Structure formats: structure tokens, C-alpha cells
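Residue numbers (our numbering), protein chains in the order written: chain S, 1 to 241; chain U, 242 to 482.
Number of protein chains: 2
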Amino acid sequence: MAVNEVFQYSIISALMDGVASNGLPVSDLVSHGDHGLGTFRYMAGEMVILDGKLYQMKSDRTVTPVDTSPASDAVAPFAMVTRFRPTVTFTAAFADKKALFAHLSDHFPDSRNFFLAIRIEGVFKGITVRTAAGQSRPGEGLMEVGRNQTSHTFEQPVRGSVIGFRSPEYTMGISVAGDHMHFINEDRTEGGHILSFGTDGDVEISAAQISRWHVELPTNDPDFTKAKLEGDKEGIAVVEG
Amino acid sequence: MAVNEVFQYSIISALMDGVASNGLPVSDLVSHGDHGLGTFRYMAGEMVILDGKLYQMKSDRTVTPVDTSPASDAVAPFAMVTRFRPTVTFTAAFADKKALFAHLSDHFPDSRNFFLAIRIEGVFKGITVRTAAGQSRPGEGLMEVGRNQTSHTFEQPVRGSVIGFRSPEYTMGISVAGDHMHFINEDRTEGGHILSFGTDGDVEISAAQISRWHVELPTNDPDFTKAKLEGDKEGIAVVEG
Numbered sequence: 001m002a003v004n005e006v007f008q009y010s011i012i013s014a015l016m017d018g019v020a021s022n023g024l025p026v027s028d029l030v031s032h033g034d035h036g037l038g039t040f041r042y043m044a045g046e047m048v049i050l051d052g053k054l055y056q057m058k059s060d061r062t063v064t065p066v067d068t069s070p071a072s073d074a075v076a077p078f079a080m081v082t083r084f085r086p087t088v089t090f091t092a093a094f095a096d097k098k099a100l101f102a103h104l105s106d107h108f109p110d111s112r113n114f115f116l117a118i119r120i121e122g123v124f125k126g127i128t129v130r131t132a133a134g135q136s137r138p139g140e141g142l143m144e145v146g147r148n149q150t151s152h153t154f155e156q157p158v159r160g161s162v163i164g165f166r167s168p169e170y171t172m173g174i175s176v177a178g179d180h181m182h183f184i185n186e187d188r189t190e191g192g193h194i195l196s197f198g199t200d201g202d203v204e205i206s207a208a209q210i211s212r213w214h215v216e217l218p219t220n221d222p223d224f225t226k227a228k229l230e231g232d233k234e235g236i237a238v239v240e241g
Numbered sequence: 242m243a244v245n246e247v248f249q250y251s252i253i254s255a256l257m258d259g260v261a262s263n264g265l266p267v268s269d270l271v272s273h274g275d276h277g278l279g280t281f282r283y284m285a286g287e288m289v290i291l292d293g294k295l296y297q298m299k300s301d302r303t304v305t306p307v308d309t310s311p312a313s314d315a316v317a318p319f320a321m322v323t324r325f326r327p328t329v330t331f332t333a334a335f336a337d338k339k340a341l342f343a344h345l346s347d348h349f350p351d352s353r354n355f356f357l358a359i360r361i362e363g364v365f366k367g368i369t370v371r372t373a374a375g376q377s378r379p380g381e382g383l384m385e386v387g388r389n390q391t392s393h394t395f396e397q398p399v400r401g402s403v404i405g406f407r408s409p410e411y412t413m414g415i416s417v418a419g420d421h422m423h424f425i426n427e428d429r430t431e432g433g434h435i436l437s438f439g440t441d442g443d444v445e446i447s448a449a450q451i452s453r454w455h456v457e458l459p460t461n462d463p464d465f466t467k468a469k470l471e472g473d474k475e476g477i478a479v480v481e482g
């Protein structure tokens, strides 16, 4: 895949419907991009990919590098990746996600109907992440899984990387509309799906606007084949927003 | 692009919002597939692509082959194409679109969450097609354009080709959920977007299930950039269903 195109495996509504027993082998996933996020079999933790390295961030607060060779048995029931080449890099401080959103909109004024790939490097404060504990039974939907998630607020400012995507409103149910970001600290020992965060001072924000979106649907997965995929948009916003 | 993948340019909600002054050059479009449908600049008529040949079917009931060389100035503001290699071919008769839908569902029992590319060859009866007359002003939305469409029912049975796609429900607003089909007669002199049709006897139906969907969004098109794209799903079903 060319640079700055989104490759997406499955659709977020399938996670809402609990389709997470199978997935795309991570060796296949990283062949489509070096920057991304997603989840693992049975929604056990949060996936982040940066500089081509893939990490699993679990609800027990451990972070593990994941083997992405063809020998790996790790799979992604849902993921989005890109071969990230930022077109704009700037420094800014922001108090919360809304302020970050405004910075990105200032730098990409014509982006509302497009995707953005986003990376932020620096020191963050008040960062609250969640890590899904995983399904308590196969087929459990993301809303229920979300009720068992662990959330954690870093008491001290923490240096690390934020990896994410902004997806346009009209993709809701297929992608996660709005900003969807995962955090991993500099030591690659803690992280998760960002619920809220801000900065004290400037951080480095880099991003690229994306107009090509490739969706691969799960084949040979009876759970996906039978799923209703009705797209509980409000639910997705609650659990992934 | 590999065989039996959908390449789509723009999203159907953009047509609903009247984004049709620009588009993908048809030379680019046919590089992604040999089978498909779409529309032209200002929604002037219906596009059908079969065996790599592209035709414009207008509301004055003329059909014109369109130059797809790089020299062509024809563009598609919206189109879906595939490099079609049917995986199932069968013969059947059907009284209406609903009965055709049932035949396809019988042959592709696990297809509800996937795309189908469809081609039908034979003699059709009671076929009613519409051909959009085009925008009366730039930016006019598809619903209004639809009010000025010409529809035509063939009085006699007519031999020809039907080219289309079935798109899953969750794509509504981006694609056209359900069966979306265009007809062109054997002589390539008449045709349009199918509103209703049936057969007297058996026709040849070929199709392929598709799990890879590539969406290219219009860049450098201020109309797309500014469009609301709120996705009037009921409206799309009325005007494109």
C-alpha cells in the first residue's frame, strides 16, 4: 500500500456485536502499515503500532511487544493502520481532547470529510487510559466488554507517544468517527486507549490527511458472516470515543 | 487491483449533496476494473461499464460509448467498479427484483455482510429504467435531480446485460445498500438505472462475493471538501434503490 492510505480490517460494528474470536494475522496487518491501532483476539487489551513495532497493552497494566513474524499466532479482529508519512508537524499545548481537535482542524482546515493519521510525542498530563480486559465469553459485545475495562489515570506527567486516526462522521459504524487514539509511554511499559489527556507545555504533533481507505472484511469467520452489524452509533461513541 | 475487489470513487452521500461538478477521469476509473456503474459530470445520465467498455446512457434515450483513453475529458463524480471474475454462474427466471435478490441469496447464503458483483445476460421483460437528466444547476442534489429523471418502460421483451453490485446494509450513505443495477440492451443503444424488471424464462446470472473495498475520496474538489455528507439514508433508498 502506498504511504498515507488507511488499511482497515473488519468494521467497528463487528466488535460491538462481539466478533473477536478470529482476526487478521498481525504479520499481514503490519504489511499494510507501520502506524496504527486495534485490538486482539477476544478483545484482550489494546493494540498500538508505531514505527512498525506492535505492542499489546493489557488490563493488568502490562505492555508486551508482539511478534509480527509469520510465526506469530497473534491476530487483530479489528485494526486500522497506515504507512505514516506526516505532511504537517507542529508544536502546541492543549488542555484536553477538544483543544487538540481544534489544533488539528486549524492545521487541516479542509479535512472534515477525510481521515487524519496522527502522532503526538511529548509529555502528557492527566492522561487517563482504558485497557479492555477482554471478553468474559466468546461473542460478548464491546459495550459489555467496556463495562469490565480497567481505566488508569497517570498521577504524574508522563512522556510517551500517541498514535491515532481521525475518521469522518460518515464512516461511523464502519470506523470510529472522530479522534481515536492510543497511548504508550516512552519506556513502552504502560499505555492504553485514551479517554482523556492534556499537556502542560508544547508537544510535537504530526499528521497527514488521507483520502484512500481500504477495508478488508473477515472471510471464513462465521461470527462475522452471521453478525447483525446494525451499528449502534451512540454505543460506539460511548465506548470508543 | 486484484480481481473481485470493489473500487469506489467518492461516496453516494456526496451525490445527494450535489457534488458532481468534478470527478475521477474515466481513464483512471477503468484502470481499477472492467465492470461497474456510476454517473457523469453534473449527473448527466447513467454510466455502465462492461467488459472494460464504458457507456453513457442519457435521458434523451441515446447511448454513447465513452472514450476511456487519457485524452478523454469524461469524469465520474461517483462510481463503483471491479475486475469481475464470477465465481458462481447459474440460470434462473425471476418475476421482479425481490425474486432476483432471493436467487442471489440462495447462491451466496453467507453474503449479507459482503459485497456482490453481479452480471445478468438474457431477455428481460417489463424492464423500467431511469436516466438522470442531470443537474439543472451546479450543486443540485440527487433527490432534486431524481425528480427530473426520465423513466422508460420497454414494451417488448429486450435482450441485454445487467451490471450491478449488492452492498451490505452498513455501507448505506457511502455506497448504495442493497442491489444497485444498470441495464444496457444488446445493441448498446438503450438503457439506464433499473427501477424494476423481470424475466419470462431463464437468464444467465453470474456473480462474485467481495470482501475488499477500496474507497477513494475526491481531493482538490472544494464541493466535496465542504459537503455536509450527512447521509439521507431514506432518500438514497428512494432515489437509488
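For glycine and all other residues, C-beta sits at the position ideal for the given N, C-alpha and C. Source: prediction; values computed, not measured.
- Item | Beta-carbon proximity list for U:Pro409, same chain, < 6 Å, skipping 5 on both sides | Asn354
- Query: Going by Cα to Cα distance, which pick from U:Thr330, U:Tyr250 and U:Asp275 is closest to U:Ser447?
  - Reply: U:Thr330
- Message: Less than 9 Å between the beta carbons of U:Tyr411 and S:Gly139, yes or no?
- Response: no
- Message: Check whether the region 118-127 of chain S and the region 466-480 of chain U touch, using three or more Cβ-Cβ pairs below 8 Å as the test.
- Response: no
- Message: Taking 6 Å as the limit between beta carbons, can you name the residues of its chain near U:Gln249, skipping five residues before and five after?
- Response: Met321 and Val456
- Among S:Val6, S:Ser69, S:Asn185 and S:Asp60, the one whose alpha carbon lies nearest that of S:Gly38: S:Val6
- Message: Could you compute how far the alpha carbon of S:Ala2 sits from the alpha carbon of S:Ser31?
- Response: 11 Å
- For S:Thr225, which of helix, strand or coil comes out of DSSP? helix
- Taking all protein chains shown into account, decide if S:Val238 is buried (16 or more other Cβ within 10 angstroms of its Cβ) or exposed. exposed
- Message: Under 7 Å, CB to CB, which of the residues in the region 458-481 of chain U have a partner in chain S?
- Response: Leu458, Thr460, Phe465, Thr466, Ala468, Leu470 and Gly472
- Chain-ordered chain S contacts of U:Ile252 [CB-CB under 7 Å]: Tyr170
- In the region 102-121 of chain S, which residues sit with their C-beta less than 7 Å from some C-beta in chain U, listed in chain order? Asp110, Asn113 and Phe114
- Can you tell me which of S:Gly198, S:Ala177, S:Asn220 and S:Asp202 puts its alpha carbon nearest to the alpha carbon of S:Glu234? S:Ala177
- Query: Taking U:Ala285 as the reference, which of U:Ser251, U:Ile425, U:Tyr296 and U:Ser437 has the closest Cα?
  - Reply: U:Tyr296
- Locate the beta strand (DSSP E) running through U:Phe356, then write down its first and last residues. Phe356 to Thr372
- Task: To the nearest angstrom, report how far apart S:Ser175 and U:Leu291 are at their CA atoms.
- Result: 32 Å
- Taking S:Arg166 as the query, report the chain U residues whose CB atoms sit under 8 Å from its CB, ordered along the chain. Ordered by position in chain U, no residue passes the 8 Å Cβ test against S:Arg166, which lies about 14 Å from the chain.
- Query: Nearest to S:Arg188 by alpha carbon, out of S:Lys98, S:Val48 and S:Lys97?
  - Reply: S:Val48
- Query: Under a Cβ-count criterion, where at least 16 other Cβ atoms within 10 Å of its own Cβ denotes burial, should S:Arg85 be classed as buried or exposed?
  - Reply: exposed
- Kindly list the residues whose CB is nearer than 6 Å to the CB of U:Pro266, restricted to its own chain and excluding five residues on each side of it in sequence; keep chain order. Val316
- Those residues which DSSP pairs with U:Gly432 across a bridge: U:Ile425
- Could you tell me which of U:Ser377, U:Thr309 and U:Thr372 sits nearest to U:Ile489, measuring between CA atoms? With chain U covering only 242 through 482, there is no way to say anything about residue 489 of chain U.
- Task: Let me know the secondary structure DSSP gives S:Lys97 once reduced to three states.
- Result: helix
- Message: Residues of chain S with CB closer than 7 Å to the CB of U:Arg324, please, in chain order.
- Response: Under the 7 Å cutoff, chain S gives no residues; its nearest Cβ is about 15 Å from U:Arg324.
- Task: List the DSSP bridge partners of S:Ala76.
- Result: S:Leu24
- Min CB distance S:Val75 to chain U below 9 Å: no
- Apart from the five residues just before and just after S:Arg212, which ones in its own chain have a Cβ nearer than 6 Å to its Cβ? Glu5
- Query: Which residues, taken in chain order from the region 202-217 of chain S, show a beta carbon closer than 8 Å to some beta carbon of chain U?
  - Reply: Ser211, Arg212, Trp213, His214, Val215, Glu216 and Leu217
- Query: To which residues does DSSP link S:Val6 through a beta bridge?
  - Reply: S:Trp213
- Query: Applying a beta-carbon distance threshold of less than 7 Å, which residues of chain U neighbour S:Gly173?
  - Reply: Tyr411
- Secondary structure of S:Asp60, DSSP reduced to three states: coil
- Message: Let me confirm a value: S:Asp179 is counted as buried when at least 16 other C-beta atoms fall within 10 Å, else exposed. Which label applies?
- Response: buried
- Task: With DSSP as the reference, label U:Arg282 as helix, strand or coil.
- Result: helix
- Item | Whole-angstrom C-beta distance between S:Thr128 and S:Phe197, which should lie under 8 Å | 7 Å
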